[in-house]
Amino acid sequence: MLQSKHAVHNRDMSIAVLRAFVAKRKEEHEALANKRNKSHQENKQSETSVQNGEDASTSHLDEMDVVPEKDLNQAQATKTPSWKVTRELKPPLVLEALAASGLRSLRYAREVDGLGKVVALDNDKASVDCCKWNIKFNGASSTSNVEAHLADARVYMLTHPKEFDVVDIDPYGAPSVFLDSAVQAVADGGLLMCTATDMAVLCGTNGEVCYSKYGSYPTKGKYCHEMALRILLASIESHANRYKRYIVPVLSVFMDFYVRVFVRVFTSPSEIKNTPLKLSYIYQCVGCDSFHLQCLGRSISKDSTVKHAPAIGPVVPQECSDCGKKFNVGGPIWSAPIHDQDWVVSTLAGVKSMKDRYPAYDKITSVLTTVSEELHDIPLFFNLHNIAGTVKCTSPSLVMFRSAVLNAGYRISGTHVHPLGVKSDAPWDVIWDIMRCWVKIHPIKEQPHDSPGTTILSKSPTLEADFSRAGAALSKAQMKKVKRFLPNPERHWGPKVRAGRKITSKHVSLLGPEAINSILNGAVRHEGGNGAVTDKPAPEPEGIKEDEPSTKRQKTGDDEQANEP
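If you read the sequence shown in my numbering, its first letter stands for residue 1, the second for the next number, and so on.
Structure representation (structure tokens):
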């Protein structure tokens with residue numbers, strides 16, 4: 001079965017995280033068992049010291065829980081102390097809610113060791129039949145481990161609450177309609193994997209649609225793809241909170257043209273009180289690139305108790321203190337960390353140790369390497385070229401800018417979302433002071449008096465920037481010359497046409513002229529009178545000539561060969 005390259009990237013990343021989850025789940029179970037055994041051993045020692053008196057047995061019964069007689073007899077019969085009896089860890093159950101041909105489910109079952117049953121769902125009968133054929137084609141191991149069902153994923157997940165250790169949602173478009181049932185189907189401590197491809201909605205092109213689907217209003221900025229991740233996480237958290245559950249993100253990535261998050265789901269009525277501390281509104285200046293976050297809530301510690309209260313705000317004045325322009329308000333978004341550093345490192349190590357088993361090894365290692373070097377506690381980022389463009393100056397090199405921030409006493413890192421993205425805990429007045437100092441060294445032409453850049457540069461810097469090379473100006477991956485941002489694997493890279501739609505010449509930008517030509521070639525094939533198949537040259541796809549606008553309709557005779565650009 002043919003696979004698109006972006007699907008291979010997605011599945012390889014999912015398999016890598018799933019392998020890390022299986023290992024982590026086993027470690028947590030063993031740690032819990034060891035902790036329980038240690039606790040019982042300590043209780044046993046205290047019991048021995050009490051037994052020195054005549055009433056030792058009575059004291060023991062008063063201080064410790066009494067083992068039921070039935071269980072005690074059973075433990076004595078098997079010669080195993082009751083405190084050593086621990087529940088066996090069952091293999092994790094996996095649900096792929098939107099399976100289509102079942103390729104992802106089959107890869108999970110065949111490539112990830114230690115998994116239990118994998119359930120593949122789809123509400124299209126042809127897809128389920130194809131999935132069942134693929135299961136049978138892959139042999140007995142797949143037949144015994146993978147099940148295909150014709151069902152509505154939402155109904156199926158609602159009728160199987162907390163049954164699956166792993167739930168995978170990868171729809172074409174928005175996953176919002178599946179989130180409510182998905183957070184209920186995941187077992188406590190389980191893993192929810194979710195993809196969103198509606199990037200135009202999440203990145204601010206259709207803000208009102210984003211609010212209707214995810215409950216957050218996006219702002220437009222160079223950080224839009226990371227904001228998309230944080231909007232999706234905030235939406236999942238909102239759905240989970242309705243059932244006294246909360247999420248812990250372990251990995252959140254923007255890859256190719258979609259976002260994918262991996263979160264663990266836990267149940268705790270007390271922990272969900274901290275949700276407002278993990279969400280923030282964003283104030284985006286319309287003049288310059290500065291942005292500020294306003295947390296939804298705050299915690300107040302008094303004596304030994306912690307109380308929750310609304311946050312104090314706003315964090316910004318009516319006009320931007322840097323350029324004097326107004327602010328747009330968006331959110332709420334997830335402002336807590338979107339990665340777990342231990343998970344990222346262990347996942348990356350696992351991928352490197354099994355290089356031959358990942359077709360998209362280069363892609364996922366580049367993403368994981370960059371993620372591992374991010375400042376996880378800094379939400380969003382800014383673009384170095386953009387802030388240089390605001391003040392109309394030549395951009396400093398990334399190494400020089402990072403050195404200036406580090407020499408000023410602040411932290412800085414890149415981001416996996418954009419090669420020129422910069423994360424830093426330096427406040428915006430420090431960032432603009434560095435740019436003011438840079439402009440002093442590299443003068444610019446006079447700009448309009450009402451431009452944001454002119455307003456920013458009119459202020460004298462309070463910080464004298466030091467652009468001398470800092471030791472940590474390059475990340476470890478950069479020093480080792482590890483590839484962090486790979487080029488697109490092919491032309492016309494992007495989301496393809498939704499299944500079921502008629503392919504026409506207007507899809508050239510998505511599929512490319514070669515694909516359109518082949519499709520139109522197939523459309524004009526016809527059988528001759530003797531049953532032989534004859535080929536007619538395909539007409540040229542409409543509107544793809546380089547010297548004509550794409551909206552112009554170009555006609556080609558049946559006897560003319562279509563020319564590709």
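Just so it is clear, CB atoms sit at the ideal spot from N, CA and C, and this is done for glycine as well.
Is the distance from the Cβ of residue i to the Cβ of residue j below 8 Å?
| i | j | result |
| --- | --- | --- |
| residue 402 | residue 473 | yes |
| residue 282 | residue 331 | yes |
| residue 222 | residue 418 | yes |
| residue 169 | residue 175 | yes |
| residue 249 | residue 261 | yes |
| residue 181 | residue 134 | no |
| residue 97 | residue 157 | yes |
| residue 151 | residue 178 | no |
| residue 335 | residue 379 | yes |
| residue 392 | residue 444 | yes |
| residue 15 | residue 155 | no |
| residue 116 | residue 136 | no |
| residue 265 | residue 240 | yes |
| residue 144 | residue 106 | no |
| residue 104 | residue 25 | no |
| residue 118 | residue 109 | yes |
| residue 214 | residue 207 | no |
| residue 314 | residue 8 | no |
| residue 303 | residue 428 | no |
| residue 31 | residue 95 | no |
Going along the chain, which residues of its own chain have a beta-carbon closer than 6 Å to the beta-carbon of residue i, five neighbours each way excluded?
| i | result |
| --- | --- |
| residue 132 | 148 |
| residue 504 | none |
| residue 269 | 244 |
| residue 276 | 296 and 297 |
| residue 225 | 254 and 417 |
| residue 307 | 300 |
| residue 438 | 396 |
| residue 6 | 256 |
| residue 195 | 170, 258 and 260 |
| residue 475 | 373 |
| residue 38 | none |
| residue 381 | 223, 415, 421, 422 and 423 |
| residue 93 | 116, 117, 164 and 165 |
Apart from the five residues on each side of it in sequence, which residues of its chain come closer than 8 Å, Cβ to Cβ, to residue i?
| i | result |
| --- | --- |
| residue 355 | 361 |
| residue 17 | 191, 193, 250, 251, 262, 343 and 347 |
| residue 374 | 339, 413, 414, 415, 416 and 423 |
| residue 408 | 426, 430, 434, 463, 465 and 466 |
| residue 366 | 482, 483, 484, 485 and 486 |
| residue 337 | 249, 376 and 377 |
| residue 58 | With a pLDDT of 49 at residue 58, under the threshold of 50, the predicted position of this residue should be treated as unreliable, though the coordinate-derived value follows. There are no such residues. |
| residue 312 | 298 |
| residue 210 | 201, 202, 204, 216, 217, 218 and 231 |
Mind reading off the beta-carbon distance from residue i to residue j? Whole number of angstroms is fine, and I expect it under 8 Å.
| i | j | result |
| --- | --- | --- |
| residue 201 | residue 21 | In fact, because the Cβ distance is near 29 Å, the residues do not count as touching under 8 Å. |
| residue 163 | residue 126 | That belief does not hold up - the Cβ atoms of residue 163 and residue 126 are roughly 27 Å apart, past 8 Å. |
| residue 452 | residue 394 | Not really, about 18 Å apart at Cβ, beyond 8 Å. |
| residue 333 | residue 351 | Not really, about 29 Å apart at Cβ, beyond 8 Å. |
| residue 383 | residue 421 | 6 Å |
| residue 316 | residue 292 | 5 Å |
| residue 491 | residue 457 | Actually they are not in contact, since the Cβ atoms of residue 491 and residue 457 sit about 41 Å apart, beyond 8 Å. |
Kindly indicate the opening and closing residues of the beta strand (DSSP E) around residue i.
| i | result |
| --- | --- |
| residue 327 | 327-334 |
| residue 245 | 245-255 |
| residue 385 | First-last for residue 385: 384-390, but that is the alpha helix (DSSP H), not the beta strand (DSSP E). |
| residue 148 | 146-150 |
| residue 169 | 164-169 |
| residue 424 | 421-424 |
May I ask you to list the residues that DSSP assigns as paired with residue i?
| i | result |
| --- | --- |
| residue 190 | 265 |
| residue 309 | 298 |
| residue 368 | Paired residue(s): none; residue 368 is not in a bridge. |
| residue 285 | 327 |
| residue 22 | According to DSSP, residue 22 bridges with nothing at all. |
| residue 94 | 118 and 166 |
Ends of the alpha helix (DSSP H) at residue i?
| i | result |
| --- | --- |
| residue 397 | Unbroken run through residue 397: none, as it is neither H nor E. |
| residue 210 | 207-214 |
| residue 237 | 224-241 |
| residue 378 | Here residue 378 belongs to no alpha helix (DSSP H), and DSSP marks it neither H nor E. |
| residue 111 | 103-111 |
Taking 7 Å as the limit between beta carbons, can you name the residues of its chain near residue i, skipping five residues before and five after?
| i | result |
| --- | --- |
| residue 433 | 461, 462, 463 and 465 |
| residue 62 | Note that residue 62 has pLDDT 48, beneath the 50 cutoff, so the model's placement of it is unreliable and no number is given. |
| residue 448 | 454 |
| residue 320 | 285, 287, 288, 290 and 327 |
| residue 442 | 393 and 394 |
| residue 220 | 204 |
| residue 406 | 412, 470, 472 and 473 |
| residue 592 | Residue 592 falls outside the range modelled here, since the chain spans only 1 to 565, and no answer is possible. |
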